[in-house]
Ligand SMILES: [Zn+2]
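Numbering (the numbering used here), first residue to last: 335 to 469.
Take a look at the structure:
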């Protein structure tokens, strides 16, 4: 039976996914120029430094952009899940994270809507999803 594709872990992203497993959202910060970045990469795109540290994010953000998936591709995996929303959430810290929006109907999503992270344990991974802000 076909399974959903999983994010792949590598040396740059293992801290991010490890934090998700602990239900924490962390962002890379360049130890030289202190700029935040996402997704995790080995070298700072601003100054080229390989020195990195990780900071815990608030878990709050806003919907920057989104689409609603209505056609399940591949059908054998996603037929029971449509419609669902794929969004780019801009965290309070300023980086944007691709994710799914849960906890509301996709038709209820609006631009700039406040959202907060929720963690979903799934097939041996923990994914950071977002729902409408409860606070
Ligand atoms: Zn830098």
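A virtual CB, placed ideally from N, CA and C, is assigned to each residue, including glycine.
In this chain, residue 372 is not harboured by any alpha helix (DSSP H), its DSSP state being neither H nor E. The Cβ atoms of residue 390 and residue 424 do not sit closer than 7 Å to each other. A straight-line Cα-Cα distance of about 12 Å links residue 468 and residue 447. Annotated three-state conformation of residue 443 is coil, per DSSP. Assignment of residue 395 by DSSP, reduced to helix, strand and coil, places it in the strand class. Between residue 433 and residue 421, the C-beta gap is smaller than 7 Å, which places the two residues in contact.
A heavy atom of ligand 1 is found nearer than 6 Å to the CB of residue 366. Excluding sequence positions up to five before and after residue 405, its CB lies within less than 8 Å of the CB of 416, all in the same chain and listed in chain order.
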